[in-house]
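Worksheet for the structure shown next.
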Amino acid sequence: MPPVFRFAPSPNGYLHLGHAYSALLNHDLARQSGGRLLLRIEDIDATRCRPEFEQAIYEDLAWLGIAWETPVRRQSEHFGAYGAALDRLSAQRLVYPSFESRAEIARLVAEREAGGAWPRDPDGAPLYPGLAKSLSAAARDRLIGQGVPFALRLDMASARARAGELRWLEAGEGPAGESGDVVARPEAWGDVILARKETPTSYHLSVVIDDALQGVTDVVRGVDLFWSTSVHRLLQELLGLPAPNYRHHRLIRDAAGQKLSKSTQATGLRELRAAGASPADIRRLVGLP
271 MPPVFRFAPS PNGYLHLGHA YSALLNHDLA RQSGGRLLLR IEDIDATRCR
321 PEFEQAIYED LAWLGIAWET PVRRQSEHFG AYGAALDRLS AQRLVYPSFE
371 SRAEIARLVA EREAGGAWPR DPDGAPLYPG LAKSLSAAAR DRLIGQGVPF
421 ALRLDMASAR ARAGELRWLE AGEGPAGESG DVVARPEAWG DVILARKETP
471 TSYHLSVVID DALQGVTDVV RGVDLFWSTS VHRLLQELLG LPAPNYRHHR
521 LIRDAAGQKL SKSTQATGLR ELRAAGASPA DIRRLVGLP
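Following this line, the structure appears as structure tokens:
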């Protein structure tokens, strides 16, 4: 079977040079290996994702000379699949609701840090500091019945104990040069959110389900997602899903060395195209032949 690659942007802004590098790299690897390239629209965030940004993705990729298979999978059309996965995790007693607002969590973190450093995840965000996991079933049902907003979190300690040791094959390179056989450390993320009341899935859950359902064999993405792979390997193990090969690539940065943002017009593909840049110019700018 030929390898299957995918490019999976979120339509919450216009594509920039960093997206172009990732899309072109996936395209080139698929072509060189005789594989397939899929395009997936990761639009679970209804408050930020907009149709005009999705249309711009198609236009920008076509301008770059990238072809993808159709139909395109749009995550907002598959909440049922993510809900079924959540049900399977709930049946294993690995998911629980937490009811604190973001402001309440910030206050709890500040209280914890008053007594010393509070642990943070690989992205620098504080781990969940609440005690919702210890609530009784009756207390949880009462809060849900009262309409209190909640997030569904993975019980990391229980999930970790069930899954055992996890690894992945890394064909690229991590932030500190990690490559080859990498040991996954999902516990570094704490009790991650798998869904919210207003958004019935999360990036971690939906990407794992999508990659499995679409038969993706090779995940090629930015190194900023390197340690997220630990959570993805855990979910794959818990849900009995295959683990693709991973290749994390360098990021394209601005003149100040910062990761590019969709609000950075100087590196936006639409702006560069309007200024007269060609697809060959984009390849040169991102360091691809």
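Residue 271 is where the sequence shown starts when you use my numbering, and the numbers rise one by one after that. No residue lacks a Cβ here, since even glycine has one placed at the ideal position from N, Cα and C. What you are looking at is a predicted structure, and each value in this text was computed from that prediction instead of being measured.
For this session: Could you please give the first and the last residue of the uninterrupted beta strand (DSSP E) stretch that includes residue 412?
Result: Taking the first residue of the sequence shown as 1, we reach residue 412 at position 142. Element bounds for residue 412: not the beta strand (DSSP E) but the alpha helix (DSSP H), 407-415.
Exercise. Within the chosen definition, does the stretch 393-403 reach the stretch 361-375 through at least 3 CB pairs nearer than 8 Å?
Worked result: Judged by Cβ distances under 8 Å, the stretch 393-403 makes contact with the stretch 361-375, as three or more pairs qualify.
For this session: Tell me, to the nearest whole angstrom, how far the beta carbon of residue 488 is from that of residue 517; I am working on the premise that it is less than 8 Å.
Result: Within the sequence shown, the letter at position 218 stands for residue 488. Within the sequence shown, the letter at position 247 stands for residue 517. Contact holds; Cβ gap of about 7 Å.
Exercise. How many angstroms separate the CA atom of residue 477 from the CA atom of residue 499?
Worked result: Translated into the one-based positions of the sequence shown, residue 477 becomes position 207. Translated into the one-based positions of the sequence shown, residue 499 becomes position 229. For residue 477 and residue 499, the distance between alpha carbons rounds to 11 Å.
Problem set entry | Nonlocal neighbours in the same chain, by C-beta distance under 8 Å from residue 537, ignoring five residues either side | Along the sequence shown, one-based indexing puts residue 537 at 267. Once the five neighbours on either side are set aside, the close Cβ partners of residue 537 are 286, 287, 288, 522, 524, 530.
Exercise. Is DSSP giving residue 544 helix, strand or coil here?
Worked result: Along the sequence shown, one-based indexing puts residue 544 at 274. Annotated three-state conformation of residue 544 is helix, per DSSP.
Problem set entry | Those runs of the alpha helix (DSSP H) which lie wholly inside the stretch 386-468 and span at least 4 residues | For the stretch 386-468, whole alpha helix (DSSP H) runs of length 4 or above, ordered along the chain, are 407-415, 426-433.
Exercise. Where do the ends of the alpha helix (DSSP H) carrying residue 321 lie?
Worked result: Working through the sequence shown from its first residue, we reach residue 321 at position 51. That run of the alpha helix (DSSP H) goes 321-333.
Exercise. Does the beta-carbon distance from residue 364 to residue 425 come in below 7 Å?
Worked result: Translated into positions along the sequence shown, residue 364 becomes position 94. Translated into positions along the sequence shown, residue 425 becomes position 155. Cβ distance < 7 Å, so residue 364 and residue 425 count as in contact.
Exercise. Taking the C-alpha atoms as reference points, what is the distance between residue 433 and residue 391?
Worked result: Mapped onto the sequence shown, residue 433 falls at position 163. Mapped onto the sequence shown, residue 391 falls at position 121. Taking the straight line from one Cα to the other gives about 20 Å.
Problem set entry | residue 460 to residue 347 span [Cα, whole Å] | As a first step, residue 460 is located in the sequence shown; it is residue number 190 there, counting from the start. As a first step, residue 347 is located in the sequence shown; it is residue number 77 there, counting from the start. Straight-line Cα distance between these residues: approximately 29 Å.
Problem set entry | Assumed close pair residue 496, residue 549 - CB separation to whole angstroms, cut-off 8 Å | Along the sequence shown, one-based indexing puts residue 496 at 226. Along the sequence shown, one-based indexing puts residue 549 at 279. Residue 549 and residue 496 do not touch by the CB rule: their CB atoms are close to 28 Å apart, not below 8 Å.
Problem set entry | Best match in 422, 493, 322 for proximity to residue 360 [C-alpha to C-alpha] | Your numbering for residue 360 matches position 90 in the sequence shown. Answer by Cα proximity: 422.
Exercise. Leaving out five residues before and five after residue 296 in sequence, what residues of the same chain have Cβ atoms less than 8 Å from its Cβ?
Worked result: Looking up residue 296 in the sequence shown gives position 26. Closer than 8 Å at Cβ, skipping near neighbours: 275, 276, 277, 307, 490.
For this session: Starting from residue 367, follow its DSSP beta bridges and name the residues at the other end.
Result: Position 97 of the sequence shown, counted from the start, is the residue given in the question as residue 367. Per DSSP, 422.
Exercise. Does the pairing of the stretch 434-442 with the stretch 317-336 give three or more beta-carbon distances under 8 Å?
Worked result: With contact defined as three or more Cβ pairs closer than 8 Å, the stretch 434-442 and the stretch 317-336 are not in contact.
Exercise. Hey, quick one: how far does the beta strand (DSSP E) through residue 311 stretch, first residue to last?
Worked result: Counting from one through the sequence shown, the residue named residue 311 turns up at place 41. Taken as a continuous stretch (DSSP letters only), the beta strand (DSSP E) holding residue 311 covers 306-311.
Exercise. Cα-Cα, which of 468, 453, 473, 454 is closest to residue 462?
Worked result: Within the sequence shown, residue 462 is the residue found at index 192, counting from 1. Checked all of 468, 453, 473, 454; the closest Cα to residue 462 is 473.
Exercise. From residue 309 to residue 507, what distance separates their C-alpha atoms?
Worked result: Position 39 of the sequence shown, counted from the start, is the residue given in the question as residue 309. Position 237 of the sequence shown, counted from the start, is the residue given in the question as residue 507. Their backbone Cα atoms lie some 25 Å apart in a straight line.
Exercise. If you compare alpha carbons, which of 335, 273, 350 is closest to residue 303?
Worked result: Locating residue 303 in the sequence shown gives position 33, counting from the first residue. Measuring from the Cα of residue 303, the nearest candidate turns out to be 273.
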